[in-house]
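Participant: Residue numbering for the sequence shown follows my numbering, beginning at 118 and increasing consecutively. Beta carbons are placed, not taken as given, at the ideal position from N, Cα and C, and that holds for glycine. None of these values were measured; they are calculated from a predicted model. Here it is, the structure in full.
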Amino acid sequence: MSTSKGTDHFSLGFLTVRLHSDLGYLGGYLLVNSLARPLEFHCTLPVKPTRAQSILYGPTLVDFLCGEQIARTLVSKAKLQPTIVWTDSPAVLALRNVTDIPVCQVRPSGKNSEPAKDLAIPSTQHEGVRRGELSGMDIYVSSQHQEDWEIVAKCWRELSKPIDLLEPFTRIVDALQEAHPSSKAA
118 MSTSKGTDHF SLGFLTVRLH SDLGYLGGYL LVNSLARPLE FHCTLPVKPT
168 RAQSILYGPT LVDFLCGEQI ARTLVSKAKL QPTIVWTDSP AVLALRNVTD
218 IPVCQVRPSG KNSEPAKDLA IPSTQHEGVR RGELSGMDIY VSSQHQEDWE
268 IVAKCWRELS KPIDLLEPFT RIVDALQEAH PSSKAA
(Lines of atoms letter the chains of each structure in order from A and count residues from 1; the text may use other names and numbers.)
(Lines give C-alpha, C1' and ligand atoms only; values in the text may rest on other atoms or scores of the structure.)
Protein backbone atom coordinates (compact mmCIF):
# COMPACT_ATOMS: atom_id res chain seq x y z
CA MET A 1 0.00 0.00 0.00
CA SER A 2 1.43 3.34 -1.00
CA THR A 3 1.24 6.52 1.04
CA SER A 4 0.43 9.89 -0.43
CA LYS A 5 2.70 12.72 -1.50
CA GLY A 6 5.94 10.76 -1.66
CA THR A 7 6.12 9.36 1.86
CA ASP A 8 6.72 5.77 0.64
CA HIS A 9 10.30 5.68 1.84
CA PHE A 10 10.25 7.83 4.93
CA SER A 11 10.58 6.61 8.45
CA LEU A 12 9.65 7.96 11.85
CA GLY A 13 11.79 7.34 14.90
CA PHE A 14 10.29 6.78 18.35
CA LEU A 15 12.88 7.03 21.10
CA THR A 16 12.43 6.78 24.83
CA VAL A 17 14.76 6.69 27.80
CA ARG A 18 13.41 5.20 30.99
CA LEU A 19 14.81 5.13 34.50
CA HIS A 20 14.81 1.92 36.50
CA SER A 21 15.57 2.48 40.19
CA ASP A 22 18.13 -0.35 40.35
CA LEU A 23 19.46 -0.68 36.80
CA GLY A 24 19.73 2.97 35.78
CA TYR A 25 18.76 4.51 32.43
CA LEU A 26 17.57 2.29 29.55
CA GLY A 27 17.05 3.58 26.03
CA GLY A 28 14.98 2.15 23.20
CA TYR A 29 14.59 3.33 19.62
CA LEU A 30 11.96 2.07 17.18
CA LEU A 31 11.92 3.19 13.57
CA VAL A 32 8.63 2.69 11.77
CA ASN A 33 7.27 3.32 8.29
CA SER A 34 4.26 5.53 7.55
CA LEU A 35 1.95 2.67 8.58
CA ALA A 36 3.71 2.37 11.98
CA ARG A 37 5.23 -0.97 11.02
CA PRO A 38 8.68 -1.63 12.48
CA LEU A 39 11.75 -1.12 10.32
CA GLU A 40 14.49 -1.20 12.99
CA PHE A 41 14.78 -1.51 16.75
CA HIS A 42 17.77 -0.73 18.99
CA CYS A 43 18.19 -0.62 22.75
CA THR A 44 20.97 0.15 25.19
CA LEU A 45 22.44 -1.60 28.14
CA PRO A 46 21.62 0.11 31.44
CA VAL A 47 23.57 3.33 32.05
CA LYS A 48 24.32 4.56 35.56
CA PRO A 49 25.96 7.94 36.02
CA THR A 50 29.14 8.00 38.06
CA ARG A 51 29.40 10.13 41.18
CA ALA A 52 31.84 12.39 39.33
CA GLN A 53 29.34 12.88 36.48
CA SER A 54 26.59 13.69 38.97
CA ILE A 55 28.77 16.35 40.58
CA LEU A 56 30.17 17.85 37.37
CA TYR A 57 26.97 17.90 35.31
CA GLY A 58 24.74 18.96 38.21
CA PRO A 59 21.18 19.79 37.05
CA THR A 60 22.11 19.13 33.39
CA LEU A 61 23.01 15.47 34.00
CA VAL A 62 19.67 13.94 32.98
CA ASP A 63 19.55 15.88 29.69
CA PHE A 64 23.17 14.97 28.97
CA LEU A 65 22.69 11.24 29.68
CA CYS A 66 19.29 10.88 28.03
CA GLY A 67 19.70 13.14 25.01
CA GLU A 68 23.36 13.59 24.23
CA GLN A 69 24.60 10.14 25.25
CA ILE A 70 21.89 7.45 25.14
CA ALA A 71 19.69 8.95 22.40
CA ARG A 72 22.66 9.94 20.23
CA THR A 73 24.08 6.41 20.52
CA LEU A 74 20.76 4.85 19.50
CA VAL A 75 20.27 7.19 16.53
CA SER A 76 23.83 6.63 15.31
CA LYS A 77 23.34 2.80 15.39
CA ALA A 78 20.36 2.97 13.05
CA LYS A 79 20.75 2.25 9.36
CA LEU A 80 17.84 4.54 8.51
CA GLN A 81 17.61 8.24 9.22
CA PRO A 82 14.08 9.22 10.21
CA THR A 83 12.22 12.31 9.10
CA ILE A 84 11.51 13.06 12.79
CA VAL A 85 12.47 11.53 16.12
CA TRP A 86 9.48 11.45 18.47
CA THR A 87 10.01 11.05 22.20
CA ASP A 88 7.87 10.83 25.30
CA SER A 89 10.76 11.99 27.49
CA PRO A 90 11.48 15.72 27.79
CA ALA A 91 15.17 15.00 28.50
CA VAL A 92 15.54 13.40 25.06
CA LEU A 93 14.90 16.81 23.48
CA ALA A 94 18.61 17.42 24.24
CA LEU A 95 19.33 15.02 21.35
CA ARG A 96 18.56 17.96 19.07
CA ASN A 97 21.77 19.63 20.33
CA VAL A 98 23.85 16.90 18.64
CA THR A 99 21.82 16.00 15.52
CA ASP A 100 20.25 17.67 12.51
CA ILE A 101 17.15 15.47 12.78
CA PRO A 102 14.08 17.25 14.22
CA VAL A 103 13.21 15.94 17.71
CA CYS A 104 9.74 16.38 19.20
CA GLN A 105 8.25 15.39 22.51
CA VAL A 106 4.67 14.14 22.46
CA ARG A 107 2.28 13.82 25.38
CA PRO A 108 -1.48 13.79 25.86
CA SER A 109 -2.96 17.29 25.83
CA GLY A 110 -3.29 18.91 29.22
CA LYS A 111 -1.49 16.26 31.25
CA ASN A 112 1.73 14.34 31.66
CA SER A 113 1.98 10.76 30.46
CA GLU A 114 1.39 8.07 33.04
CA PRO A 115 4.79 6.66 34.02
CA ALA A 116 5.35 2.93 34.01
CA LYS A 117 5.73 1.58 37.53
CA ASP A 118 9.08 -0.07 36.89
CA LEU A 119 10.44 2.09 34.07
CA ALA A 120 9.72 5.76 34.72
CA ILE A 121 10.25 8.68 32.38
CA PRO A 122 13.21 10.58 33.86
CA SER A 123 12.42 14.02 35.20
CA THR A 124 14.34 17.02 33.96
CA GLN A 125 14.44 20.70 34.79
CA HIS A 126 14.40 21.65 31.13
CA GLU A 127 11.21 21.54 29.12
CA GLY A 128 10.70 22.09 25.44
CA VAL A 129 8.50 24.76 23.96
CA ARG A 130 4.92 23.73 23.20
CA ARG A 131 4.39 24.35 19.53
CA GLY A 132 1.01 22.84 18.90
CA GLU A 133 -1.33 19.91 19.00
CA LEU A 134 -1.71 16.90 16.72
CA SER A 135 -4.43 14.29 17.20
CA GLY A 136 -5.07 15.33 20.80
CA MET A 137 -1.36 15.33 21.68
CA ASP A 138 0.71 18.30 22.77
CA ILE A 139 3.91 18.61 20.74
CA TYR A 140 7.05 20.15 22.21
CA VAL A 141 10.26 21.08 20.45
CA SER A 142 13.58 22.31 21.76
CA SER A 143 13.56 26.04 22.50
CA GLN A 144 16.75 26.33 20.40
CA HIS A 145 15.09 24.60 17.40
CA GLN A 146 11.55 25.92 17.21
CA GLU A 147 11.74 25.62 13.40
CA ASP A 148 11.31 21.85 13.89
CA TRP A 149 7.59 22.47 14.31
CA GLU A 150 7.28 23.34 10.60
CA ILE A 151 8.84 19.99 9.64
CA VAL A 152 6.54 18.15 12.05
CA ALA A 153 3.43 19.88 10.66
CA LYS A 154 4.48 19.17 7.05
CA CYS A 155 5.22 15.51 7.80
CA TRP A 156 1.88 15.10 9.57
CA ARG A 157 0.00 16.56 6.58
CA GLU A 158 1.78 14.14 4.22
CA LEU A 159 0.81 10.99 6.10
CA SER A 160 -1.96 9.15 4.26
CA LYS A 161 -3.33 8.06 7.63
CA PRO A 162 -2.35 9.67 10.98
CA ILE A 163 -0.70 7.27 13.41
CA ASP A 164 -1.10 6.99 17.16
CA LEU A 165 1.90 8.90 18.49
CA LEU A 166 1.91 7.21 21.92
CA GLU A 167 1.41 3.57 20.96
CA PRO A 168 4.99 2.97 19.70
CA PHE A 169 6.33 3.87 23.16
CA THR A 170 4.32 0.99 24.65
CA ARG A 171 6.04 -1.36 22.20
CA ILE A 172 9.45 0.06 23.10
CA VAL A 173 8.92 -0.30 26.86
CA ASP A 174 7.67 -3.87 26.37
CA ALA A 175 10.76 -4.65 24.26
CA LEU A 176 13.05 -3.09 26.90
CA GLN A 177 11.47 -5.32 29.53
CA GLU A 178 12.07 -8.36 27.30
CA ALA A 179 15.68 -7.33 26.68
CA HIS A 180 16.29 -6.63 30.39
CA PRO A 181 14.13 -9.11 32.34
CA SER A 182 15.39 -7.76 35.67
CA SER A 183 13.65 -4.46 34.81
CA LYS A 184 10.23 -6.06 35.31
CA ALA A 185 8.47 -5.38 38.58
CA ALA A 186 8.82 -8.18 41.10
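Determine whether the beta carbon atoms of Leu140 and Arg288 lie at a separation below 8 Å.
Facilitator: In this structure, Arg288 does not lie closer than 8 Å to Leu140 by Cβ.
Participant: Applying the criterion that 16 or more other CB atoms from any shown protein chain within 10 Å of the CB defines a buried residue, is Ile238 buried or exposed?
Facilitator: Counting Cβ neighbours within 10 Å, Ile238 comes out buried, since at least 16 surround it.
Participant: Taking the beta strand (DSSP E) that Arg247 falls in, what are its first and last residues?
Facilitator: 246-251 is the extent of the beta strand (DSSP E) around Arg247.
Participant: Give every residue of the same chain whose Cβ lies closer than 6 Å to the Cβ of Val215, excluding the five residues on either side of it in the sequence, and list them in chain order.
Facilitator: Excluding positions up to five away in sequence, the list reads Glu185, Arg189.
Participant: Is the distance from the Cβ of Thr75 to the Cβ of Val220 below 8 Å?
Facilitator: Any question about residue 75 goes unanswered here, given that the chain covers just 118 to 303.
Participant: Is it the case that the Cβ atoms of Ser171 and Arg213 are separated by a distance below 8 Å?
Facilitator: Going by C-beta atoms, Ser171 is not nearer than 8 Å to Arg213.
Participant: Counting C-beta neighbours from all protein chains within 10 Å, is the total for Arg135 16 or more, i.e. buried, or is it exposed?
Facilitator: That one is buried.
Participant: Select from His159, Pro155, Val223 the residue whose C-alpha is nearest the C-alpha of Leu282.
Facilitator: The residue with the shortest Cα to Cα distance from Leu282 is Val223.
Participant: Identify which residue in Leu276, Ser151, Pro163, Arg247 has its Cα closest to the Cα of Gly144.
Facilitator: Ranking the options by Cα distance to Gly144, first place goes to Pro163.
Participant: For Ala195, count the other beta carbons within 10 Å of its own beta carbon; 16 or more makes it buried, fewer makes it exposed. Which is it?
Facilitator: By the 10 Å Cβ count, Ala195 comes out buried.
Participant: With H, G and I counted as helix, E and B as strand and the rest as coil, what does DSSP make of Leu132?
Facilitator: Leu132: strand per DSSP, three-state reduction.
Participant: Buried or exposed: where does Gln294 fall if 16 or more other Cβ atoms within 10 Å of its Cβ makes it buried?
Facilitator: When all chains shown are included, Gln294 counts as buried.
Participant: At what residues does the beta strand (DSSP E) containing Lys201 begin and finish?
Facilitator: Looking at the sequence provided, one finds Ile at residue 201 rather than Lys. Looking at the DSSP string, the run of the beta strand (DSSP E) that includes Ile201 is 201-204.
Participant: Would you mind working out which of Lys278, Cys272, Lys271, Ser128 sits nearest Gln198, comparing C-alpha positions?
Facilitator: The residue with the shortest Cα to Cα distance from Gln198 is Ser128.
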